[in-house]
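Protein sequences appear in the order of chains A and B.
Per the numbering used here, residue 938 is the first one in the first sequence, and the count goes up by one each step.
Per the numbering used here, residue 10 is the first one in the second sequence, and the count goes up by one each step.
Just so you know, even glycine gets a beta-carbon here, dropped at the ideal spot from N, CA and C.
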Amino acid sequence: MEPEPSKLEVRPPALVDAVIRLLIPPACREHVLGDLWERYTSPRQYVVDALRTLPFVIWSQIRRTSDPLLLAMQVLPAFVFFGGLAGKPGADGGPAWLRAVIPAIAVAVVMVVRDAYYWPKYPSSRQAVLDAGLAVASAFASQGALAILWPELTLAPREVLMGGGRHLPCSVLDSCRSSRPRVSLAGLSQRQPLSGRLLS
Amino acid sequence: MAHPVSIGQFEQLVMTAILSLGENAYGVTIHAQVEKLAQPKSVSLGAVYATLDRLEDKRLIVSWLSDPTPARGGRSKRHYRLEELGERALHESALTARRICDAVERIWGVNAWNQNLRSWKSARQH
């Protein structure tokens, strides 16, 4: 028996639904997607509704999963390894700390967002290593973006490679550090610490 | 006795919506109820989710997932209800709001509630 036409009309397009599903942090994916589906009237309304809702749910998840102390433990080594304490001015005389702070911020942003998307289990050791790689890649990517937008603030290629090489093992250790949830809440909303990587 | 947790105006709205909806309090219904309470302001669904998360972190409300329903594409609803701490905080806020209403009424009179403030103020000036 074929489904009634009215039942087909109220489904969001599968592709749009799949993209929005990916963008919603897993911890709140189930109910947020269900609510958006329930409010669905047209593909345009669905997309607008989702785009208006997404920043709030991502921000809320970041707030729940981030920990300033652990974040500092990831960002400070990046700052140091990329020459933030070198004291030597750059080729154009600019301060070294300013060049090092950009990859450190890139690492912070990527790690904070990455943590918001972990759910429901603690990441495995393989994921922890991948995260460390992601942290270093984000520092490299920040240099790539700077080279296009603001070349005078980029680090020398040698400094980038050395900084990345030093930061990687430190980041792996950071990522592998065992931790436990700080707050236990009912249902699925269990708070996870930033970079609390329990080795499985 | 410990002081109840202080809550903001939007949190009061969300908690009042949860209280008034009873067992039917989940994202969509809470948002609709908050929109009614916050008239004429419009409220985004995302702001309601963020507030629900914050209230849950403060242990003022508790949530649980229901069984998936076909009307929602086979997805569950996250239901909410007030915790005892939340009830106390809302009660305290409501008492404060009542005291404000009483004070306003003493000065402006009961007619202050019958029409919108701008037309009421211009009527008073004439």
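N- and C-terminal bounds of the beta strand (DSSP E) containing residue i
i	result
I70 (chain B)	I70 to L74
L91 (chain B)	R87 to L91
Residue from the options with nearest C-alpha to residue i
i	options	result
G1070 (chain A)	A:A1082, A:R1051 and A:L1086	A:R1051
L30 (chain B)	B:R115, B:T105 and B:Y89	B:Y89
T78 (chain B)	A:F1018, A:D972 and A:R1103	A:D972
V1038 (chain A)	A:S1075, A:V1066 and A:Q982	A:S1075
I1046 (chain A)	A:P1094, A:A1093, A:L1092 and A:W996	At residue 1046 (chain A) the sequence reads Val, which differs from the Ile that was named. The option with the nearest alpha carbon to V1046 (chain A) is A:W996.
W73 (chain B)	B:R87, B:L61 and B:A80	B:R87
K45 (chain B)	B:I27, B:D62, B:E32 and B:A59	B:I27
G1100 (chain A)	A:P1088, A:L1086, A:A1072 and A:E1089	A:A1072
L1067 (chain A)	A:P1106, A:L1013, A:D1004 and A:L1006	A:P1106
A1082 (chain A)	A:R1036, A:S1003, A:H968 and A:Q998	A:R1036
E1096 (chain A)	A:L1086, A:A1033 and A:A1053	A:A1033
R97 (chain B)	B:E32, B:I109, B:H40 and B:R68	B:R68
D986 (chain A)	A:Q1011, A:I957 and A:A964	A:I957
R981 (chain A)	A:V953, A:C965, A:L1008 and A:S1003	A:V953
R966 (chain A)	B:A34, B:G95 and B:G83	B:G83
S1079 (chain A)	A:A1041, A:V969 and A:I999	A:A1041
P950 (chain A)	A:V984, A:P1005 and A:R1063	A:V984
Endpoints, the alpha helix (DSSP H) within which residue i is located
i	result
Y58 (chain B)	L54 to D66
K50 (chain B)	No alpha helix (DSSP H) holds K50 (chain B); DSSP gives it neither H nor E.
T25 (chain B)	Q18 to L30
A951 (chain A)	A951 to L960
R966 (chain A)	P963 to E975
P1040 (chain A)	A1033 to A1053
G1070 (chain A)	S1062 to L1086
Integer-rounded CB distance, given that residue j should sit under 8 angstroms from residue i
i	j	result
R1103 (chain A)	F1018 (chain A)	4 angstroms
T990 (chain A)	G55 (chain B)	4 angstroms
S15 (chain B)	F993 (chain A)	Not quite, the Cβ-Cβ distance comes to about 22 angstroms (not below 8 angstroms), so this is no contact.
V57 (chain B)	V43 (chain B)	6 angstroms
V1044 (chain A)	A1015 (chain A)	4 angstroms
A41 (chain B)	E975 (chain A)	Not really, about 11 angstroms apart at Cβ, beyond 8 angstroms.
L64 (chain B)	A47 (chain B)	The Cβ separation is near 16 angstroms, so there is no contact.
T60 (chain B)	E20 (chain B)	6 angstroms
A121 (chain B)	E114 (chain B)	7 angstroms
T25 (chain B)	L99 (chain B)	7 angstroms
Looking at chain A, which residues of the stretch 56-70 of chain B have a Cβ within less than 8 angstroms of any of its Cβ atoms? A56, Y58, A59, D62, R63, E65 and D66
In chain order, what are the residue ranges of uninterrupted beta strand (DSSP E) at least 3 long that sit wholly in the stretch 984-1008 of chain A? none
Which of the residues in the stretch 83-112 of chain B, read from start to end, lie with their CB under 8 angstroms from any CB of chain A? If the cut-off is 8 angstroms between Cβ atoms, the stretch 83-112 of chain B has R84, S85, K86 and R87 near chain A.
Selection of the stretch 994-1024 of chain A by Cβ proximity to chain D, strictly under 7 angstroms: Of the protein chains in the structure, A and B, none is chain D.
Check each residue of the stretch 15-37 of chain B: if its Cβ is closer than 8 angstroms to any Cβ of chain A, include it; give the result in chain order. Y35, G36 and V37
Cβ-based contacts, 9 angstroms cut-off: residues of the stretch 961-972 of chain A near chain B: C965, R966, E967, H968, V969, L970, G971 and D972
Near-chain A residues of the stretch 37-55 of chain B (beta-carbon distance less than 7 angstroms), N- to C-terminal order: V37, S53, L54 and G55
Got a sec: which bits of the stretch 979-992 of chain A sit with their beta carbon under 9 angstroms from any beta carbon on chain B, in order along the chain? Taken in chain order, the members of the stretch 979-992 of chain A whose beta-carbon sits within less than 9 angstroms of a beta-carbon on chain B are D986, R989, T990, L991 and P992.
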